[in-house]
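Visitor: One structure, pasted below without further comment.
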Amino acid sequence: MELIVEKEFIEHVPDYRGLLFEADVVNSPVGEEQMAEMDIMARRIAADYEVADINKIPAIAATRAAYKACGKDPNRYRPSQEQLMRRIVRGLGLYNVSAVVDAGNQLSLLTGCSVGCFDRELVEGDILRIGIGREGEPYEGIGRGVLNIAGLPVVRDASGGIGTPTSDNERTKISGSTRRLVATVHLFDPAVDSAAVVDAFADLFTRHCSATDIRYSKAVIGD
503 MELIVEKEFI EHVPDYRGLL FEADVVNSPV GEEQMAEMDI MARRIAADYE VADINKIPAI
563 AATRAAYKAC GKDPNRYRPS QEQLMRRIVR GLGLYNVSAV VDAGNQLSLL TGCSVGCFDR
623 ELVEGDILRI GIGREGEPYE GIGRGVLNIA GLPVVRDASG GIGTPTSDNE RTKISGSTRR
683 LVATVHLFDP AVDSAAVVDA FADLFTRHCS ATDIRYSKAV IGD
């Protein structure tokens, strides 16, 4: 697959970099090892941060700045990694969904980047495009119902939006039957090391989801 950045988007967010991953995976309930890792991660975050500190973390601050540049209030539509960290610091803990979904959450917390995970069998076409959400554009966020994505960074397949840094779409969500994963990682902070993100993806998804045939590519600017 390809991840193409629309020119309108890069004009608003010139430092954006995107990574696209594909892998064969085995999805399962979260195992004891993964759950223990997430608990350790949550304890460390809770010890190191106050709620007021979270939106100052460089990768999160850069994501929030991208929202503003595209026309969205990041306090009303918080990026997913910020949502996760706020849960932890407020003492609500990390929820567990499945090995694949939780590995995506781990990657997001490790890197500070928004991570989208999609079932390849439910993604239409071979090209994903990242642009800016439009008024009235249909979108159903996972567990959120209809989501107003106008002004949000949005990843679209051939049929429409499948992911935003705030919430992925019900249409392409990961399930127990997912066998081929497509994931996007949004690097809004130019200081984030993309090679470290690639290594972290391979480590987490290999250990927890038995990932094989891992492929990745960098987003390219479209016409």
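Under our numbering, the first residue of the sequence shown is numbered 503, with each subsequent residue one higher.
Glycine included, each C-beta is placed from N, C-alpha and C at the ideal position.
Please read these numbers as outputs of a predicted model, since none were measured by experiment.
Of the residues Ile559, Gly593, Glu623, Val515, which one's Cα is nearest the Cα of Ser610?
Guide: By one-based count along the sequence shown, residue 610 stands at place 108. Nearest option by C-alpha distance: Ile559.
Visitor: If distances are taken between C-alpha atoms only, which option among Asn577, Val656, Asp604, Ala548 comes closest to Met587?
Guide: Counting from one through the sequence shown, the residue named residue 587 turns up at place 85. For the residues Asn577, Val656, Asp604, Ala548, the minimum Cα distance to Met587 belongs to Ala548.
Visitor: Output the residue ranges of the alpha helix (DSSP H) runs that lie fully inside the stretch 627-685 and measure 4 residues or longer, sorted by chain position.
Guide: DSSP runs (the alpha helix (DSSP H)) wholly in the stretch 627-685: none.
Visitor: For the stretch 535-545 and the stretch 597-605, state whether three or more C-beta atom pairs, one from each stretch, are separated by less than 8 Å.
Guide: Contact holds: three or more Cβ-Cβ distances are below 8 Å.
Visitor: Tell me whether Ser719 sits in a helix, a strand or coil according to DSSP, three-state version.
Guide: Reading the sequence shown from its first residue, position 217 is the one you call residue 719. Correct three-state label for Ser719: strand.
Visitor: Residues in the same chain with beta-carbon distance under 6 Å from His514, minus the five sequence neighbours each way, listed in chain order, please.
Guide: Indexing the sequence shown from 1 puts residue 514 at position 12. Correct list, in chain order: Ala571, Cys572.
Visitor: Any contact of the stretch 635-647 with the stretch 610-619, i.e. 3+ C-beta pairs under 8 Å?
Guide: In short, these stretches do not touch, since the Cβ pair count stays below three.
Visitor: By how many angstroms is the C-alpha of Val553 removed from the C-alpha of Ala563?
Guide: If you number the sequence shown from 1, residue 563 lands on position 61. If you number the sequence shown from 1, residue 553 lands on position 51. Approximately 14 Å, taken between the alpha carbons.
Visitor: Go to Asp555, then tell me how far its alpha helix (DSSP H) extends in each direction, as first and last residue.
Guide: The residue you call residue 555 lines up with position 53 of the sequence shown. Asp555 -> alpha helix (DSSP H) spans 553-556.
Visitor: What are the boundary residues of the beta strand (DSSP E) that includes Arg594?
Guide: If you number the sequence shown from 1, residue 594 lands on position 92. Looking at the sequence shown, residue 594 is not Arg but Leu. Premise fails: Leu594 is in no beta strand (DSSP E) and is neither H nor E.
Visitor: DSSP state of Phe523, grouped into three classes?
Guide: For the purposes of this step, residue 523 is taken as residue 21 along the sequence shown, with counting starting at 1. Reduced to three states, the DSSP call for Phe523 is strand.
Visitor: Among Val591, Gly618, Leu594, whose alpha-carbon lies nearest the alpha-carbon of Asp604?
Guide: Residue numbering aside, residue 604 sits at position 102 when the sequence shown is read from its first letter. Cα-wise, what sits closest to Asp604 is Gly618.
Visitor: Against chain E, does His710 count as a neighbour if the rule is that its beta carbon must be under 8 Å from one of theirs?
Guide: Although the question refers to chain E, the structure presented lacks it and comprises just one protein chain.
Visitor: Could you check the C-alpha separation between Ser661 and Glu626 for me, to the nearest Å?
Guide: In the sequence shown, residue 661 corresponds to position 159, counting from 1. In the sequence shown, residue 626 corresponds to position 124, counting from 1. Taking the straight line from one Cα to the other gives about 6 Å.
Visitor: Please report the distance separating the alpha-carbon of Ala544 from that of Gly638.
Guide: On the sequence shown, residue 544 is found 42 positions in, with the first residue counted as 1. On the sequence shown, residue 638 is found 136 positions in, with the first residue counted as 1. Using only the alpha carbons, I get a separation of about 37 Å.
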